[in-house]
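Visitor: Residue numbers (the working numbering), protein chains in the order written: chain S, 37 to 333; chain G, 368 to 579.
C-beta: ideal position from N, C-alpha, C; glycine also.
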Amino acid sequence: MVFFDQLAANLIYGAILGAVYGLATMGLSLIFGVLRIVNVGHGAFIMLGAFTAFWMFVLYGVPPLASISLALVIGLALGFVIFYAIFKRLLDAPELSTLLATFGIGLLIEELAKQLWGPDYVGYSWNIGAIELGFTTIPLTKLYAFGSSVVIAALLYIWFQKTKLGAAVRAVVEDRDGAMVCGINVNQIYALSFALGIGLTVASGVLVTLFVPVGINVYMGGEYTLKAFVIAVLGGLTSPWGAFYAGFIFGLIENGSYTILGLIPGVEPFSLTRFLAFMLLLVILLIKPTGLLGGEK
Amino acid sequence: MSLIRRYKPMVPLLLVYIILFIIGVSVPGMWQPVAFIMFYIALGQAFNIFLGLTGYVDFGYVAFLALGSYGMALSLQHFGPELGFGAIVFGIILGVVMSLLLSLAVGAVALRLRGAYFAIATIGVNEGFRYLVEGLRLWGGSEGIVLSGKMREIFGREMSIYLSTFFSDVLVFVVAIIAGIVTLTILKENGICFNGIERRRRRCKSYGHKRY
């Protein structure tokens, strides 16, 4: 009975965390979907969002959820600067160049952050109560993070489907040359998509801080980059919506398997869940590289 | 004569190594920085054979470096007391074999893919392997294997310090020289088919070479 209570609690927690994972991966998928750039430095932008929440809370007492809009603005600004300074020149370059460029940008951001904020773990405590479910207790902060992820993803969906700019982005993804003929400024759409992708990633970093009991540090992003790759591939790599749904699935697998693997004596279930995640990634890459949840062929 | 001509491009490289070696042994306090430089040269050359020459991006590359270390550590831990110095030679061989086996596993999966998918798959295989070692608590799990005590037990205090601070660094020089020769040989022997295999897949195929 205790096992099932624990499993149910972990699955609920997995779904909540999965929504944040999904949001954290949408930026990666958006950038790859539009620009064909794999952002290997993805985690560094999550770290920036996490530190935005931390400093706003510590210095000004701003609740983390209120920091999301600031993080989004910082991410958008950073995205535009990075695109026009670097990636505009690399649009037609070989894939190797963009991969190494994003890798380098990630390292640069992490090392600059280390110079500014140091390498140590820091954290804050934002306690606003909890919901008692009988078999488990869910902190409200985590529920708000879940709600915020869903709302941001839904707003993005509406923006893509109902606005002219969103339609322009979809047109560029569909056919770059055709969009150009129709009068769409493709470079501007690339810049906007890149900035939006980075903005979403930085914003998700704010929510990530509500799930890290040990605190945050400048190298925290590496783990999220790896998870984001698994989720992005699961969701189809080119599809932000696929990534969001895949985040849920990943969260459920990660937390559900943790409970089950914890029954095996002599193993480290926390590491084995990650092993399973990477095995899942490899299986999907081999049998269906376009992702389980769609994505282009 | 042809041999001299063939390895002529190695001369500047060897000269740099010799100069670095002389600086390392003659200037006090410079041996460790020089050893680090050589380590990164060797690592860079080995990485270049794959990324630079083939055009494939392997983000899980350091897993091979880790397996080399594990090979030596396991050899010293399990065979050190019986084999003595032979355990060092066996450790080098074991490290190479273990890395080779992982490279076959990575290749079997990742070389079926291209571009970004290849890069992600290499991360998947190597990170998956890392978490498997940690999760099953193989080879000391996340704590790893601490060798200093074992080495003192096998070789004595003075010799273990000599092995870990001088001999191992000299071996790094040897690895860097081997990496240089391998790079040169690959460029000479396999030419275009190794150089830029990712970019020139069709040409390689027409020559009858397999990518994997």
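Just checking: is the beta-carbon of Ser307(S) within a distance shorter than 9 angstroms of some beta-carbon in chain G?
Guide: So, interface residue.
Visitor: For Phe280(S) versus Met92(S), is the C-beta distance shorter than 9 angstroms?
Guide: Going by C-beta atoms, Phe280(S) is not nearer than 9 angstroms to Met92(S).
Visitor: Please report how far the alpha carbon of Ser133(S) lies from the alpha carbon of Ile528(G), in whole angstroms.
Guide: Rounded to whole angstroms, Ser133(S) to Ile528(G) spans 43 angstroms at the Cα level.
Visitor: Please check if any C-beta of chain S sits within less than 9 angstroms of the C-beta of Leu503(G).
Guide: So yes, Leu503(G) belongs to the interface.
Visitor: Note down, in chain order, every chain S residue with its Cβ under 9 angstroms from the Cβ of Ile455(G).
Guide: Ordered by position in chain S, no residue passes the 9 angstroms Cβ test against Ile455(G), which lies about 30 angstroms from the chain.
Visitor: Using CA atoms only, rank isn't needed, just tell me which of Phe116(S), Leu273(S) and Gly298(S) is closest to Leu43(S).
Guide: Of the candidates Phe116(S), Leu273(S) and Gly298(S), the one whose C-alpha sits nearest the C-alpha of Leu43(S) is Gly298(S).
Visitor: Of all the options Gly97(S), Ile104(S), Val250(S) and Val254(S), which has the alpha carbon lying nearest to the alpha carbon of Leu144(S)?
Guide: Measuring from the Cα of Leu144(S), the nearest candidate turns out to be Val254(S).
Visitor: Pick out whichever of Ile404(G), Ile487(G) and Met377(G) has its Cα sitting closest to the Cα of Leu270(S).
Guide: For Leu270(S), the nearest C-alpha among the options comes from Ile487(G).
Visitor: So, at 6 angstroms on beta carbons, what are the nonlocal neighbours of Leu387(G) in its own chain, with the 5 sequence-adjacent residues on each side left out?
Guide: Once the five neighbours on either side are set aside, the close Cβ partners of Leu387(G) are Val401.
Visitor: Can you tell me whether Ser229(S) is buried or exposed, with buried defined as 16 or more other CB within 10 angstroms of its CB?
Guide: Answer is buried; the Cβ neighbour count reaches 16.
Visitor: Do you know how far the Cα of Leu288(S) is from the Cα of Leu317(S)?
Guide: The straight-line gap from Cα to Cα measures roughly 15 angstroms.
Visitor: Lys333(S): buried (16+ other C-beta within 10 angstroms of its C-beta) or exposed?
Guide: Per-residue confidence for Lys333(S) stands at a pLDDT of 45, beneath the threshold of 50, marking its modelled position as unreliable; no derived number is given.
Visitor: For chain S, find out if any of its Cβ atoms is closer than 9 angstroms to the Cβ of Phe426(G); answer yes or no.
Guide: Judged by the 9 angstroms Cβ criterion, Phe426(G) is in contact with chain S.
Visitor: Since Gly79(S) and Val158(S) should fall inside the 8 angstroms C-beta cutoff, what is the C-beta to C-beta distance between them, to a whole number of angstroms?
Guide: Not quite, the Cβ-Cβ distance comes to about 17 angstroms (not below 8 angstroms), so this is no contact.
Visitor: Considering only their Cβ atoms, is the gap separating Gly58(S) from Gly283(S) smaller than 9 angstroms?
Guide: Yes; because the gap between Cβ atoms is below 9 angstroms, this pair is in contact.
Visitor: Hey, does Val429(G) have any beta-carbon neighbour from chain S nearer than 9 angstroms?
Guide: It does not; no Cβ of chain S falls within 9 angstroms.
Visitor: Using only CA atoms, which one of Leu152(S), Asp41(S), Arg72(S) and Ile188(S) lies nearest to Thr173(S)?
Guide: When only C-alpha atoms are compared, the closest one is Asp41(S).
Visitor: Could you pull out every residue in the same chain whose Cβ sits closer than 6 angstroms to the Cβ of Leu434(G), ignoring the five residues on either side in sequence?
Guide: Met465, Ser466 and Leu469, listed in sequence order.
Visitor: Report yes or no: is there a C-beta of chain G within less than 9 angstroms of the C-beta of Leu127(S)?
Guide: Output row for Leu127(S): interface = no.
Visitor: Please say whether Thr274(S) and Val209(S) have beta carbons closer to each other than 9 angstroms?
Guide: Going by C-beta atoms, Val209(S) is nearer than 9 angstroms to Thr274(S).
Visitor: Spatial neighbours of Tyr49(S) within its chain, please: C-beta separation below 6 angstroms, excluding the five flanking residues on both sides.
Guide: Asn291, listed in sequence order.
Visitor: What residues from chain S crowd round Glu520(G), counting only those whose CB sits closer than 9 angstroms?
Guide: Going along chain S, no residue has its Cβ under 9 angstroms from Glu520(G), so there is no contact; the nearest lies around 27 angstroms.
Visitor: Kindly list the residues whose CB is nearer than 7 angstroms to the CB of Ala477(G), restricted to its own chain and excluding five residues on each side of it in sequence; keep chain order.
Guide: Here the set comprises Phe485, Ala488, Thr489 and Val492.
Visitor: Below 8 angstroms on the Cβ atoms is my guess for Phe185(S) versus Ala89(S); work out the distance and round it to an integer in Å.
Guide: Correcting the residue identity first, residue 185(S) is Ser in this sequence and not Phe. The Cβ separation is near 14 angstroms, so there is no contact.
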